[in-house]
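Residue numbers (the working numbering): 331 to 383.
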């Protein structure tokens, strides 16, 4: 997922609304929203400049 797409999703989802389906590449492989069904999910992301990667 690109930063621009993620920012568009953040802008489009208001508190209390269901999040749209998405997938992201993580350090432990691809994750989807469905992987966290029934759990509380908080997305935290930082620009690459702040991650050392």
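Cβ atoms here follow ideal geometry from the backbone N, Cα and C, with glycine treated the same way.
It should be emphasised that the depicted structure is a prediction, and the values quoted were computed from it without experimental measurement.
Have a look at residue i and residue j and give me their C-alpha separation to the nearest angstrom.
{"i": "residue 347", "j": "residue 355", "result": "24 Å"}
{"i": "residue 344", "j": "residue 368", "result": "19 Å"}
{"i": "residue 365", "j": "residue 334", "result": "23 Å"}
{"i": "residue 353", "j": "residue 360", "result": "7 Å"}
Can you tell me where the beta strand (DSSP E) with residue i in it begins and where it stops?
{"i": "residue 358", "result": "Residue 358 -> no beta strand (DSSP E), and no H or E assigned at all."}
Rank the options by C-alpha distance to the C-alpha of residue i and give the top, closest one.
{"i": "residue 350", "options": "374, 362 and 370", "result": "362"}
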